[in-house]
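Q: Residue numbers (full-length UniProt numbering), protein chains in the order written: chain Z, 1 to 324; chain V, 1 to 300.
(1) If you draw a straight line from the alpha carbon of residue 285 of chain V to that of residue 45 of chain V, how long is it in whole angstroms?
(2) According to DSSP, is residue 14 of chain Z part of a helix, a strand, or is it coil?
(3) Could you check whether the Cβ of residue 238 of chain V sits closer than 8 Å to any Cβ belonging to chain Z?
(4) Beta-carbon within less than 7 Å of residue 187 of chain V's beta-carbon, same chain only, minus the 5 sequence neighbours each way: which residues are those?
(5) Leaving out five residues on either side along the sequence, give the residues of the same chain with a beta carbon under 8 Å from the beta carbon of residue 76 of chain Z.
(6) Counting pairs of Cβ atoms below 8 Å between the region 84-104 of chain Z and the region 275-283 of chain Z, do you hit three or more?
(7) Can you tell me the Cα-Cα spacing of residue 47 of chain V and residue 21 of chain Z, whole angstroms?
(8) Give the residues of chain V in contact with residue 272 of chain Z, contact being defined as C-beta atoms less than 7 Å apart.
(9) Note down, in chain order, all residues in the region 88-104 of chain Z with a beta-carbon under 8 Å from any beta-carbon belonging to chain V.
(10) Buried or exposed, going by whether 16 or more other CB atoms sit within 10 Å of the CB of residue 12 of chain Z?
(11) With 8 Å as the threshold, decide whether the Cβ of residue 166 of chain Z is near any Cβ in chain C.
(12) So with CB distances below 8 Å, who are the chain Z contacts of residue 276 of chain V?
(13) How should residue 1 of chain Z be labelled, buried or exposed, when 16 other C-beta atoms within 10 angstroms of its C-beta is the threshold for buried?
(14) What residues from the region 245-259 of chain Z come within 7 Å of chain V, judged by C-beta to C-beta, listed N to C?
(15) Considering Cα atoms alone, identify which of Z:91, Z:200, Z:237 and Z:268 is closest to residue 249 of chain Z.
(16) Measure the Cβ-Cβ separation of residue 241 of chain V and residue 253 of chain V and say whether it is below 8 Å.
(17) With a threshold of 8 Å between beta-carbons, can residue 123 of chain Z be considered close to chain V, or not?
(18) Would DSSP call residue 170 of chain Z helix, strand or coil?
(19) Based on Cα-Cα distance, which residue from V:175, V:168, V:259 and V:153 lies nearest to residue 141 of chain V?
(20) Could you tell me which chain V residues have their CB closer than 7 Å to the CB of residue 23 of chain Z, listed as they occur along the chain?
(21) Quick test of your reading: residue 181 of chain Z and residue 144 of chain Z, contact by CB under 8 Å. State the CB separation rounded to the nearest angstrom.
(22) Roughly how many angstroms lie between the CA atoms of residue 117 of chain Z and residue 190 of chain Z, to the nearest whole one?
(23) With a threshold of 16 other CB atoms inside 10 Å of the CB of residue 255 of chain Z, please say whether the residue is buried or exposed.
(24) Taking the straight line between their C-alpha atoms, what separation do you get for residue 237 of chain V and residue 23 of chain Z?
(25) Around the C-beta of residue 65 of chain V, are 16 or more other C-beta atoms found within 10 angstroms, so that it is buried, or is it exposed?
(26) Look at residue 202 of chain Z and residue 126 of chain Z and say whether their C-beta atoms are less than 8 Å apart.
(27) Please list the segments of the alpha helix (DSSP H) lying wholly inside the region 153-238 of chain Z, counting only runs of 4 or more residues, in order along the chain.
(28) Have a look at residue 180 of chain V and residue 299 of chain Z and give me their C-alpha separation to the nearest angstrom.
(29) If you measure from the beta carbon of residue 325 of chain V to each beta carbon in chain Z, is any gap under 8 Å?
(30) What's the call for residue 51 of chain Z, buried or exposed, on a 16-neighbour Cβ count within 10 Å?
(31) Can the beta-carbon of residue 35 of chain V be found closer than 8 Å to that of residue 41 of chain V?
(32) Leaving out five residues on either side along the sequence, give the residues of the same chain with a beta carbon under 6 Å from the beta carbon of residue 293 of chain V.
(33) Hey, would you say residue 246 of chain V sits closer than 8 Å to residue 283 of chain V, going by beta carbons?
(34) Looking only at its own chain, which residues have a Cβ that is under 8 Å from the Cβ of residue 243 of chain Z, when we skip the five neighbours before and after it?
(35) Cβ of residue 84 of chain Z less than 8 Å from any chain V Cβ?
(36) Do the region 205-213 of chain V and the region 161-175 of chain V touch if we need at least three Cβ pairs shorter than 8 Å?
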């Protein structure tokens, strides 16, 4: 177990470092010219003078060879220093820290909604006996993942803000302003979760131990909750990382649609302003969240399903036949 | 070499080539029958074909000029004359949508094309070569997977600049790891099958084995993923375009049309809701087609 944990943690750190390197290569070493992007950003009009260029180059270290620049950035990043935001003249780290709380609140509510909606839908879709409703519910998740997040947000605004007046359409104050953006973020992800859960439930319900439970005379509800859902939700845990990643991604769109403060909106504005250090800080932060969530899932999983640690089935999470 | 290897292989393969062809054609007929019995599938295909046609020849569906303004006809609600209504300058929204599909479909095609080519290359090299090349490539793919695709796309758009093609490239890079993984898994599966072993032991070179035996038998799941990823790419491209990173204003893309109509959501909701509905329907249709193919493959 200790060895397993150590290996997973080391892997997570390596992936994070590599993710940082990829964003560095994309943003600083790609064909684009960071100096002119930064100068345009700083409000310069017309052709920058050689003097200005030299100043920017010295300030950002662009006159060093790219490997040296990379090393300096990496050392800074290890100390959580991602440089200065160009468009806002503030350190990236403090900007991230300022904008993080509202996004964390939004993401948390969205994930809870995802679990409730996705789990509830999967439960109903496999529990309902009436065939037409059953097949309708089976198809519903695909609709959820098909519609653009920004459109879902605008539809919700139209329905619940303008027509019914239940929730505010924009702003970041109070709990009521959380509802619509969180719902916007959670509808596509609950579609993903429901698809995985429905497949898991359908597979589990076909298995021998369910037949045994039925033969014992247990009620449908007991079988569904105690025997099927428990087994089917274990594999769903492995997509938690995917869900969190998708939710964070949806935050970019949802916060823009609802004009909320947060990391997502900050990302949209940073890209519009081509603020290279800020964009890098946000992407690395998102990759970090994703890596940590996957690490936690990897560490919790063996506790819930000890078979993972057994050498024979170390890589496969699939075999559920044996479980009862 | 080729002759010798063909002669050596033939006795090993169970069915002679003619019988093989018959079997293939009857299987194709079976598949076609199975598909024709699904009205939902046919509707989905028809809708996707219409969207692609509208991108190639917009005048077939909307003869008007997408940029022609008509101030007295602004903010008209949808009607028979203006299917999607008109916008703040009196431009016909349906015409703009149809003409906008050229840019959006182009962007989608570029991103999926890039992802297929890059992903196939990585996956085939990784799965077929094995060893250190495999570990290296797969670690690279893992890293790309660790960055949420849309955020990676944001970084790439920041570096390359805005515009339809840059957005398409950014989305394509995000789709590549998925293709690489699926291709690799398929190549690994097919590589060890008896007929591939037979071809190899009868002296076929690695390239020939790859081209004649492995690739033709491993494209199925890759094709399904390509169809599904067309939907993913449409969503990603239109999201980036909605956020303002796509083609600049006079040009219309699906995402930017929704973004432009957003200002008038209170008074003219059709300006945002109808284009988004059309985009969602296209993605749903693609998902449905991909799922149907997947089910058919599982039967065979």
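Note that the Cβ used here is the ideal one computed from N, Cα and C, for glycine as well. Small disclaimer: the values here were computed from a predicted structure and weren't measured.
A: In terms of the structure at hand:
(1) Sequence index remark: in the second chain, residue 285 of chain V carries index 285 (1-based). Sequence index remark: in the second chain, residue 45 of chain V carries index 45 (1-based). Cα to Cα, the separation comes out at about 7 Å.
(2) Locating residue 14 of chain Z in the first chain gives position 14, where the first residue counts as 1. Residue 14 of chain Z: helix per DSSP, three-state reduction.
(3) If you number the second chain from 1, residue 238 of chain V lands on position 238. By this cut-off, residue 238 of chain V is an interface position.
(4) Position 187 of the second chain, counted from the start, is the residue given in the question as residue 187 of chain V. The residues are 123, 124, 127, 128, 214 and 218.
(5) The residue given as residue 76 of chain Z occupies position 76 in the first chain. Cβ neighbours of residue 76 of chain Z beyond the five flanking positions: 82 and 83.
(6) yes
(7) Here residue 47 of chain V refers to the residue found at position 47 when the second chain is read from its first residue. Here residue 21 of chain Z refers to the residue found at position 21 when the first chain is read from its first residue. Their Cα atoms are separated by approximately 42 Å.
(8) Start at 1 with the first residue of the first chain, and residue 272 of chain Z comes out as number 272. Here the neighbours are 244.
(9) none
(10) On the first chain, position 12 is the one that residue 12 of chain Z refers to. Counting Cβ neighbours within 10 Å, residue 12 of chain Z comes out buried, since at least 16 surround it.
(11) Included in the structure are the protein chains Z and V, with no chain C among them.
(12) To locate residue 276 of chain V, count along the second chain from 1; it is residue 276. Neighbours of residue 276 of chain V on chain Z, chain order: 147, 148, 150, 151, 154 and 155.
(13) Residue mapping note: residue 1 of chain Z aligns to position 1 of the first chain, counting from 1. It counts as exposed.
(14) 245, 248, 249, 252, 253 and 256
(15) As a first step, residue 249 of chain Z must be located in the first chain, where it is residue number 249. Cα-wise, what sits closest to residue 249 of chain Z is Z:268.
(16) The sequence position of residue 241 of chain V within the second chain is 241, counting from 1. The sequence position of residue 253 of chain V within the second chain is 253, counting from 1. A contact, by the Cβ cut-off of 8 Å.
(17) The residue labelled residue 123 of chain Z in the question sits at position 123 within the first chain. Output row for residue 123 of chain Z: interface = no.
(18) Position 170 of the first chain holds residue 170 of chain Z. DSSP places residue 170 of chain Z in coil when its eight states are reduced to three.
(19) For the purposes of this step, residue 141 of chain V is identified with residue 141 of the second chain, where counting begins at 1. If we check each option's Cα against that of residue 141 of chain V, V:175 comes out closest.
(20) Locating residue 23 of chain Z in the first chain gives position 23, counting from the first residue. The contacting residues are 155.
(21) As a working mapping, residue 181 of chain Z is identified with position 181 in the first chain. As a working mapping, residue 144 of chain Z is identified with position 144 in the first chain. Going by Cβ atoms, the distance from residue 181 of chain Z to residue 144 of chain Z rounds to 16 Å, so no, they are not a contact pair.
(22) Start at 1 with the first residue of the first chain, and residue 117 of chain Z comes out as number 117. Start at 1 with the first residue of the first chain, and residue 190 of chain Z comes out as number 190. Residue 117 of chain Z and residue 190 of chain Z: Cα-Cα distance of roughly 6 Å.
(23) Position 255 of the first chain, counted from the start, is the residue given in the question as residue 255 of chain Z. When all chains shown are included, residue 255 of chain Z counts as buried.
(24) Counted from its first residue, the second chain places residue 237 of chain V at position 237. Counted from its first residue, the first chain places residue 23 of chain Z at position 23. Distance between the alpha carbons of residue 237 of chain V and residue 23 of chain Z is about 20 Å.
(25) Within the second chain, the letter at position 65 stands for residue 65 of chain V. Exposed, because fewer than 16 other Cβ atoms sit within 10 Å of the Cβ of residue 65 of chain V.
(26) If you number the first chain from 1, residue 202 of chain Z lands on position 202. If you number the first chain from 1, residue 126 of chain Z lands on position 126. Cβ atoms of residue 202 of chain Z and residue 126 of chain Z: closer than 8 Å.
(27) 176-205, 208-215 and 230-237
(28) By one-based count along the second chain, residue 180 of chain V stands at place 180. By one-based count along the first chain, residue 299 of chain Z stands at place 299. The alpha-carbon atoms of residue 180 of chain V and residue 299 of chain Z are separated by roughly 27 Å.
(29) Here chain V has residues from 1 to 300 only, and residue 325 of chain V is not among them.
(30) The residue labelled residue 51 of chain Z in the question sits at position 51 within the first chain. Residue 51 of chain Z comes out exposed.
(31) As a working note, residue 35 of chain V is residue 35 in the second chain. As a working note, residue 41 of chain V is residue 41 in the second chain. Cβ distance < 8 Å, so residue 35 of chain V and residue 41 of chain V count as in contact.
(32) Counted from its first residue, the second chain places residue 293 of chain V at position 293. So the list reads 224, once near-sequence residues are dropped.
(33) As a first step, residue 246 of chain V must be located in the second chain, where it is residue number 246. As a first step, residue 283 of chain V must be located in the second chain, where it is residue number 283. No. Outside cutoff.
(34) Translated into the one-based positions of the first chain, residue 243 of chain Z becomes position 243. 111, 114, 189, 192 and 193.
(35) Position 84 of the first chain, counting from 1, holds the residue named residue 84 of chain Z. Taking Cβ atoms only, chain V never reaches closer than 8 Å to residue 84 of chain Z, which makes this a no.
(36) no
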